[in-house]
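Participant:
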Amino acid sequence: MSITVLMTTYNCGEYISQAIQSVLNQTYKDFELLIIDDGSTDNTEQVVKRFNDQRIRFISSNHIGRSSALNLGLKEAKYDLISFCDADDIIHPQKISKQLLLFKNENDLIFTNSTFFKNNKILYQLKIQNDLNIIKRKVALHGHLGASVLFNRKFILENGGFNVKLLAFEDYDLWLRILIDSNIIIVPEPLYFQRLRKDSLSTTETMKKKNLVYKIQKPYFEKLAEHFGITSLKEQLIIKGWREFFYGSKNLARKYWIGAGINQWNVKLLITFLISYLPESFLDYLKDKRVRLRLDYQIAKLINGDEIQKEFNKVLGMMSEYK
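Heads up: the sequence shown at position 10 corresponds to 10 in our numbering, and the numbers run straight through without jumps.
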């Protein structure tokens with residue numbers, strides 16, 4: 001099977017060489033690397049042209065936004081099977097080959113676990129449990145699935161592609177729209193390495209992002225049973241409370257949880273109920289820094305050793321001449 005690795009970029013000249021090299025280092029060789037430059041004003045094009053590989057195809061456009069750039073990529077791709085690699089990220093050499101082993105049907109979405117790094121140091125991991133009910137509940141509240149996906153573009157285009165009206169969270173909007181009809185499969189290995197570039201968000205930016213996610217979620221939370229299989233009224237109240245806690249009103253979150261009945265709470269919910277009284281800015285800081293995921297990763301390192309970092313170091317070593 002031939003595939004298109006789709007990479008959109010906007011002013012990522014500082015990082016894109018590593019992203020490209022990680023694609024070229026794939027053990028699976030039958031692919032094109034389609035790079036859509038969304039109107040970069042830095043040296044992105046010059047960096048790309050340093051690579052002498054016929055599988056690379058570079059298309060430059062005006063600055064049209066990420067959603068439009070992704071849709072352009074889907075249209076211009078030579079092959080129906082699409083894999084993503086963002087221009088500032090790195091993929092494991094075996095990512096594509098392991099995903100292709102599991103791809104069977106047009107509505108398959110094949111994800112891997114992802115890790116997040118800064119200055120070549122792994123800070124935390126996003127692990128996706130291979131249970132559709134759990135995945136649906138996670139997607140209801142967060143993007144969760146990440147950028148590691150392999151899919152058939154026909155399935156995506158038949159469902160409207162990426163929403164060009166959105167300035168962010170276009171992938172989350174897409175997963176919500178196609179979740180009912182998708183067959184989600186997980187490769188339970190950390191094969192996608194996502195770069196963390198921004199230290200923190202301003203209060204205004206954080207509020208805008210929360211409001212946007214809240215708006216994207218609205219039609220799906222009006223039909224929780226249909227979209228996520230959540231039929232119990234008490235479960236619906238609990239997940240509505242989580243939505244308010246993350247993106248809306250903490251007061252309303254507590255009302256939903258109390259309405260569900262304290263006997264429905266677990267330890268995590270009890271702790272969250274208590275910390276919901278803390279200042280909003282502090283809670284935003286904890287969420288922005290992904291403190292829980294960082295703690296989970298540090299605990300896993302103590303128990304199992306830092307195998308993920310060791311593997312990442314090997315991947316980086318394979319592209320040392322491009323640093």
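No residue lacks a Cβ here, since even glycine has one placed at the ideal position from N, Cα and C.
Are the region 261–272 and the region 232–249 in contact at 8 Å, needing three or more beta carbon pairs?
Facilitator: Counting Cβ pairs under 8 Å, three or more are found: they touch.
Participant: Looking only at its own chain, which residues have a Cβ that is under 6 Å from the Cβ of residue 147, when we skip the five neighbours before and after it?
Facilitator: So the list reads 84, 86, once near-sequence residues are dropped.
Participant: Is residue 26 buried or exposed, if buried means 16 or more other CB atoms sit within 10 Å of its CB?
Facilitator: Buried, by the Cβ-count rule.
Participant: Out of curiosity, what's the CA-to-CA distance linking residue 47 and residue 13?
Facilitator: Between residue 47 and residue 13, the C-alpha separation is close to 6 Å.
Participant: Can you give me the C-alpha to C-alpha distance between residue 306 and residue 190, rounded to a whole angstrom?
Facilitator: Spanning the two alpha carbons is a distance of roughly 13 Å.
Participant: Along the chain, where does the alpha helix (DSSP H) that runs through residue 309 open and close?
Facilitator: Looking at the DSSP string, the run of the alpha helix (DSSP H) that includes residue 309 is 307–317.
Participant: So is residue 99 buried or exposed if we call it buried at 16+ other beta carbons inside 10 Å?
Facilitator: That one is buried.
Participant: Answer with buried or exposed for residue 247, where buried requires no fewer than 16 other C-beta atoms within 10 angstroms of its C-beta.
Facilitator: That one is buried.
Participant: Restricting to runs no shorter than 3 residues, where is the beta strand (DSSP E) found entirely within the region 52–132?
Facilitator: Correct list: 56–61, 81–84, 108–118, 121–126.
Participant: Please go through the region 241–300 and give each complete alpha helix (DSSP H) segment of 4 or more residues, from N-terminal end onward.
Facilitator: 250–260, 267–275, 280–288, all fully within the region 241–300.
Participant: To the nearest angstrom, how far is the alpha carbon of residue 184 from that of residue 318?
Facilitator: Answer to the nearest angstrom: the Cα atoms are 31 Å apart.
Participant: Which word fits residue 275, buried or exposed, when buried means at least 16 other C-beta atoms lie within 10 angstroms of its C-beta?
Facilitator: Exposed is the call here.
Participant: Spatial neighbours of residue 243 within its chain, please: C-beta separation below 7 Å, excluding the five flanking residues on both sides.
Facilitator: Counting only Cβ-Cβ distances below 7 Å, and skipping sequence neighbours, we find 141, 217, 221.
Participant: According to DSSP, is residue 194 part of a helix, a strand, or is it coil?
Facilitator: Correct three-state label for residue 194: strand.
Participant: Start and end of the alpha helix (DSSP H) containing residue 327?
Facilitator: No answer is possible for residue 327: the residues shown for the chain start at 1 and end at 323.
Participant: So the candidates are 303, 24, 6, 288; which of them puts its Cα closest to the Cα of residue 315?
Facilitator: For the residues 303, 24, 6, 288, the minimum Cα distance to residue 315 belongs to 24.
Participant: When burial is assigned at 16 or more other CB atoms within 10 Å of the CB, is residue 1 buried or exposed?
Facilitator: Exposed, since its Cβ has fewer than 16 Cβ neighbours within 10 Å.
Participant: Between residue 64 and residue 70, what straight-line distance do the alpha-carbon atoms span, to the nearest angstrom?
Facilitator: Taking the straight line joining both Cα atoms gives about 10 Å.
Participant: Applying the criterion that 16 or more other CB atoms from any shown protein chain within 10 Å of the CB defines a buried residue, is residue 299 buried or exposed?
Facilitator: Exposed: under 16 other Cβ atoms inside 10 Å.
Participant: Going along the chain, which residues of its own chain have a beta-carbon closer than 8 Å to the beta-carbon of residue 77, five neighbours each way excluded?
Facilitator: Within the same chain, residue 77 has close Cβ partners 4, 6, 32, 34, 153.
Participant: Going by C-alpha distance, which of 49, 36, 112 is nearest residue 192?
Facilitator: Closest by alpha carbon: 112.
Participant: Would residue 253 and residue 241 be called neighbours here (beta carbons separated by less than 8 Å)?
Facilitator: Contact flag set, yes.
Participant: Should residue 127 be counted as a contact of the ligand NAD given a C-beta to heavy atom distance under 7 Å?
Facilitator: The ligand NAD is not among the ligands present in this structure, which contains no ligands whatsoever.
Participant: Could you check the C-alpha separation between residue 304 and residue 39 for me, to the nearest Å?
Facilitator: Roughly 44 Å between the two C-alpha positions.
Participant: Could you have a look at residue 230 and say whether DSSP puts it in helix, strand or coil?
Facilitator: Coil at residue 230, not helix or strand.
Participant: Could you tell me which of 156, 194, 196 sits nearest to residue 180, measuring between CA atoms?
Facilitator: Nearest of 156, 194, 196 to residue 180, Cα basis: 156.
Participant: Any idea what DSSP makes of residue 37, helix, strand or coil?
Facilitator: Of the three classes helix, strand and coil, the one that applies to residue 37 here is strand, per DSSP.
Participant: Alpha carbon to alpha carbon, what distance is there between residue 259 and residue 233?
Facilitator: Cα to Cα, the separation comes out at about 10 Å.
Participant: Assign residue 211 to one of three DSSP states: helix, strand, or coil.
Facilitator: Here residue 211 sits in helix by DSSP.
Participant: Taking the DSSP output, what are the residues bridged to residue 5?
Facilitator: DSSP, once it has assigned bridges, lists 33, 83 as partnering residue 5.
Participant: If you reduce the DSSP assignment to three classes, tell me which class residue 14 lands in.
Facilitator: Reduced to three states, the DSSP call for residue 14 is coil.
Participant: Helix, strand or coil, according to DSSP, for residue 222 in the structure here?
Facilitator: Residue state, collapsed to three classes: coil.
Participant: Beta carbon of residue 128, beta carbon of residue 122: below 8 Å?
Facilitator: Not closer than 8 Å, so no.
Participant: Look up residue 151 in the DSSP assignment and give the residues it is bridged to.
Facilitator: DSSP output for residue 151 lists 82 as bridge partner(s).
Participant: Residue 73 and residue 36: beta carbons closer than 8 Å?
Facilitator: Yes, the Cβ-Cβ distance between residue 73 and residue 36 is below 8 Å.
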